[in-house]
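Comments concern the structure below.
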Amino acid sequence: MGKIVLPASHPFAGIVEKLNRSNENIHNLQAEIARFFEESEYPVLSHDNKKVIPEAVEYHSKREIPLRFSVLAGETTHHLRSCLDHIVWHFSDPQYRRDHERLIDFPILEERPTPANVFTKYERKIKGIRDSRVLELIERLQPYNGGVDSPNIFLLAIHKLDIIDKHRALVIVTSTGAFEFPLDLMDRNLAHERGALNDTSFDFVAEFQSKGKLIPQVAFSDFVWGESEPVVQALGGMHNRVIGVVAQFDKFLSKC
């Protein structure tokens with residue numbers, strides 16, 4: 001995840017700066033988590049010595065996770081949520097912005113709204129948008145349109161984690177172990193798991209596994225689907241998903 005550069009005059013220049021800051025946070029958090037475990041008695045969970053793994057798990061389960069990890073994760077999540085809200089703000093009518101400034105945001109719904117709540121939960125947030133293509137894309141991106149394998153599950157994660165972070169620290173725990181791998185492989189791995197990657201060859205699998213190592217990890221205790229998820233991998237997935245979403249709306253800028 002490299003730095004994204006846009007001219008200051010570009011309508012999404014502010015969004016890009018938030019994405020760049022999100023990227024910095026993820027890499028900083030990854031480095032701090034690595035140091036946290038490197039200074040421990042069990043920095044790596046060995047495949048070859050399975051007798052050590054239970055000892056390492058017990059050891060790490062008793063370690064106190066720095067609150068700073070939660071702060072950095074929360075800041076990252078908030079930047080990503082803000083990027084989505086800025087999209088809706090940009091495409092909204094200027095008069096609607098002035099009259100309903102606090103109502104405008106990007107709706108992210110886990111379940112399709114009912115006739116009784118569709119206005120308050122969905123329609124009033126995007127009522128100022130006149131471009132039908134933008135409205136159609138927002139609807140297609142709703143998490144209720146796909147299952148747990150949909151990439152839009154990351155949008156739901158952003159929404160839920162940002163709400164939690166507004167009121168209390170994100171709940172972070174140590175996991176028993178996870179594969180750590182370069183963040184630039186995130187998109188390819190996700191596509192591979194969904195069966196959407198054309199080069200799902202042995203070479204890719206071998207590359208992915210060779211660049212990963214089984215290490216103790218810091219994880220969100222309850223990610224969207226009710227399981228723990230390594231923090232850096234989860235944030236990387238959310239970050240990459242927002243980049244993809246921004247790119248889709250960018251296509252509408254010249255004609256909006």
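Our numbering applies: residue 1 is where the sequence shown begins, and numbers increase by one.
We put the beta carbon where it would ideally sit given N, CA and C, even for glycine.
Query	Result
Touch test, the region 17-32 against the region 125-138, Cβ-Cβ under 8 Å, three pairs minimum	no
Residue 54 in three-state terms, based on DSSP	helix
Local conformation of residue 229 per DSSP, three classes	strand
Close Cβ partners of residue 90 (< 6 Å) along its chain, the five nearest in sequence each way excluded	11
Closest Cα partner of residue 227 within the set 249, 243, 173, 238	173
Pick from 54, 3, 75 that is closest to residue 231, judged by C-alpha positions	75
Cβ-based neighbour list, residue 249, same chain, cut-off 6 Å, excluding 5 preceding and 5 following	87
Cutoff 8 Å; reference residue 13; Cβ partners in own chain excluding five residues on either side	6, 7
C-alpha gap between residue 125 and residue 34, whole angstroms	40 Å
Nearest-angstrom Cα separation, counted from residue 97 out to residue 113	24 Å
As assigned by DSSP and simplified to three states, the class of residue 4	coil
Rounded straight-line distance, which links the Cα of residue 103 to that of residue 40	47 Å
Run of the beta strand (DSSP E) containing residue 220, from where it starts to where it stops	218-220
For residue 66 and residue 37, believed in contact at Cβ under 8 Å, the rounded distance	In fact, because the Cβ distance is near 12 Å, the residues do not count as touching under 8 Å.
Residue 119, buried or exposed, once every other Cβ within 10 Å from all chains shown has been counted against 16	exposed
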